[in-house]
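Visitor: Pasting a structure here, questions to come.
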Amino acid sequence: MLPKNTSRVARTRLDITSHPGDGWAAREQAPTVGAEVRSVERMARLVRVLGKVSDGSQFLEVKIVDRGAPPLFAATSNVLQALDSDD
């Protein structure tokens, strides 16, 4: 769990682009409900799309796959989505 004072956390820990992975990329378009995404925490499943955020990306409610914690929220600009074979 991250501390409340995020100025003590390195920005790279909070930015998904600093957590690269083969076959995964940040996208503007929201994934379909039920799709798995990678967050800075770990693998998560999309619960629902809630709207847009100030950077124009979609606001998502995601649930960490292997943890019984409540859902968390992220923008599509801060999650990685699996690349399809046609990308």
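Going by the numbering used here, the sequence shown opens with residue 18, and the numbers climb by one from there.
Ideal Cβ positions, reconstructed from N, Cα and C, are used throughout, including at glycine.
P88 and V64: beta carbons closer than 8 Å?
Guide: Taking 8 Å as the Cβ cut-off, P88 and V64 qualify as a contacting pair.
Visitor: Whole angstroms are fine: how far does the CA of I81 sit from the CA of R47?
Guide: Sequence inspection shows Ala at residue 47; the Arg mentioned does not correspond to that position. If you take the alpha carbons of A47 and I81, they lie about 17 Å apart.
Visitor: If distances are taken between C-alpha atoms only, which option among A91, E78 and G73 comes closest to G51?
Guide: When only C-alpha atoms are compared, the closest one is E78.
Visitor: Alpha carbon to alpha carbon, what distance is there between G85 and A99?
Guide: Going by the C-alpha atoms only, they are around 23 Å apart.
Visitor: Straight-line CA distance for D83 to V96?
Guide: Taking the straight line from one Cα to the other gives about 17 Å.
Visitor: Measuring CA to CA, which of R55, F76 and A61 is closest to G68?
Guide: For the residues R55, F76 and A61, the minimum Cα distance to G68 belongs to F76.
Visitor: How many Å lie between V54 and F90 at the Cα?
Guide: Each residue's alpha carbon lies about 12 Å from the other.
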